[in-house]
Amino acid sequence: MSDTSTRSPETRNTYIDAVRGWTAIHVVAVHTAWFGIPDMPPWFKNLLLIYEVPLFFYLSGWASSYREPNVIRAGKSVLRIWAQWILFILVINAVSFLTLKLPVSFPPVRDLPTLVKCLFFDEHVYPGFYVIALSTWFIPLYFAAVLINNTVLSLIVKTDRPADYSQTYLIILILTVFWAYFHHEYFSYYPPFIMFYCAIWMIGYLRKDKGESLKGLIIELSICIAGLVICSYLDYKLLGYPYYDIQSAKTTPSGKFLFVSMLSILICRYLKQFVKRPNKILVHIGQNALYYFFGQGVGTSVVYEFSDSLLGHSRFVGWIIGSVINIIITAIVAESIRMIYKGISFVISDITKKLKHTESNKVS
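Here the sequence shown is numbered in our numbering, starting from -17 and rising by one per residue.
Okay, structure coming up:
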């Protein structure tokens, strides 16, 4: 989720990295509540969704706004993320085999066709740790949002009015999301999701470093809250969803989830002016948020297996303890995969350089 990873530290926006890092930690807490600790109160689980995955897309668009749109660069970023995912699945599947001799085991994928499905983000199969499957849904959407928006923006920047066309494109995306949701015109499973997250990405891209006063923040938050109330009412009347039900609005992206997401986005942008030196740990996590997102699938699955022990306390205390355990496991998995990928990349780069050097010597 960090499409700025190829830039040097001097040119990175460390505030974006820090917020991305904090969001990654929050996702760990969210998944602990939803999938790690059974029977957490619905109102609490939905409340946690106010600050969630859409912020990653917003931050990606924000980070991309510092450079000209480039489809080739976006494609390379997608391939790099996919390679990291493949490595993660292969390593975790190997670890799953090792757990078979333990008191608590996580059944690995044993046949090649199923393993290939895992590598292609199939949400119905997983290597051992079941929450991995529940966490893969947004990665293909991220690929689509990055590639589609970079393609459209690459065409727009060649026009005589790029700013106007970019805003028009964003408006079309948002209106289409509303239309598809309330008319149930989904075409298939992914198009409304793609449009929704393309819109969130574009909001980050277009707003960039726009200054935010307290008065402006209050006005925009008021608009979002009003929009949230209206959309929640429509959801209840037309679709029968409870007012507090953010999860249903998330799984079928709607105006309700758009306004919910904007609450954290607006606050995130406003706080930037007060953060001069972002926390280095959060920055590091943010620069490697992808690995942490992968890793929490393992951590949450482990927490779930031992949730009965955690529920000796109250559910909220169990959630806090479970979240801490999850963060520790997630960090171990994330940093391990990061180091393995870094090592493999170094070896491949070294071999490539030697081959090029050999070829140049032959030519000379």
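Heads up, the beta-carbon is just placed ideally off N, CA and C, and yes, glycines get one too.
Residue range of the unbroken alpha helix (DSSP H) whose run includes residue i
| i | result |
| --- | --- |
| Ile247 | Gly237 to Leu253 |
| Ala76 | Val53 to Leu80 |
| Met22 | From DSSP, Met22 is part of no alpha helix (DSSP H); its letter is neither H nor E. |
| Ser273 | Residue identity check: residue 273 is Tyr in the sequence provided, not Ser. First-last of the alpha helix (DSSP H) with Tyr273: Ala271 to Glu287. |
| Ile205 | Leu196 to Leu216 |
| Phe125 | Phe120 to Ile138 |
| Ala45 | Pro36 to Ser46 |
| His106 | Looking at the DSSP string, His106 is not in any alpha helix (DSSP H), and its letter there is neither H nor E. |
| Arg366 | Here the chain has residues from -17 to 346 only, and residue 366 is not among them. |
| Lys258 | Premise fails: Lys258 is in no alpha helix (DSSP H) and is neither H nor E. |
| Tyr(-3) | Thr(-4) to His13 |
| Thr233 | Ile228 to Thr233 |
Sequence-distant residues of the same chain with beta carbon closer than 6 Å to residue i, five excluded per side
| i | result |
| --- | --- |
| Tyr33 | His8 and Ser246 |
| Val35 | Phe120 |
| Ser230 | Tyr223 |
| Asp93 | none |
| Pro122 | Phe103 |
| Ser136 | Pro51 and Val53 |
Cutoff 7 Å; reference residue i; Cβ partners in own chain excluding five residues on either side
| i | result |
| --- | --- |
| Tyr323 | Gln66 and Leu69 |
| Asp16 | According to the sequence shown, residue 16 is Trp rather than Asp. Excluding sequence neighbours, Trp16 sits near Lys27. |
| Ile63 | Leu272 |
| Lys232 | Leu31 and Phe239 |
Same chain, Cβ closer than 8 Å to residue i, neighbours up to 5 away in sequence not counted
| i | result |
| --- | --- |
| Tyr(-2) | Contrary to the premise, residue -2 reads as Ile rather than Tyr in this sequence. Closer than 8 Å at the Cβ level, and outside the excluded window around Ile(-2), lie Thr(-14), Leu41, Trp44, Ala45 and Gly268. |
| Phe79 | Pro90 |
Buried versus exposed, by CB contacts within 10 Å (16 or more), residue i
| i | result |
| --- | --- |
| Val329 | exposed |
| Pro51 | buried |
| Met321 | exposed |
| Phe38 | buried |
| Tyr226 | exposed |
| Pro20 | exposed |
| Asp332 | exposed |
| Ser214 | buried |
| Thr(-12) | For Thr(-12), the predicted structure reports a pLDDT of 44, less than 50, and the residue's modelled location is therefore unreliable. A value from the coordinates is still provided. Thr(-12) comes out exposed. |
| His106 | exposed |
| Leu210 | buried |
| Pro260 | buried |
| Asp142 | exposed |
**Message:** Does the structure place the region 70 to 86 close enough to the region 108 to 119 that three or more beta carbon pairs sit under 8 Å?
**Reply:** yes
**Message:** Closer than 8 Å is the cut-off here; do at least three beta carbon pairs connect the region 218 to 226 with the region -1 to 18?
**Reply:** no
**Item:** Inter-stretch contact (C-beta, 8 Å, three-pair minimum) for the region 304 to 322 and the region 273 to 292
**Value:** yes
**Request:** Could you tell me whether the region 200 to 213 touches the region 139 to 147, using the rule of 3 or more Cβ pairs below 8 Å?
**Result:** no
**Message:** Under 8 Å, with one C-beta from each stretch per pair, do the region 53 to 62 and the region 122 to 140 reach the 3-pair mark?
**Reply:** yes
**Message:** Could you check whether the region 244 to 264 touches the region 286 to 297, counting it as contact only if at least three pairs of C-beta atoms, one from each stretch, sit closer than 8 Å?
**Reply:** no
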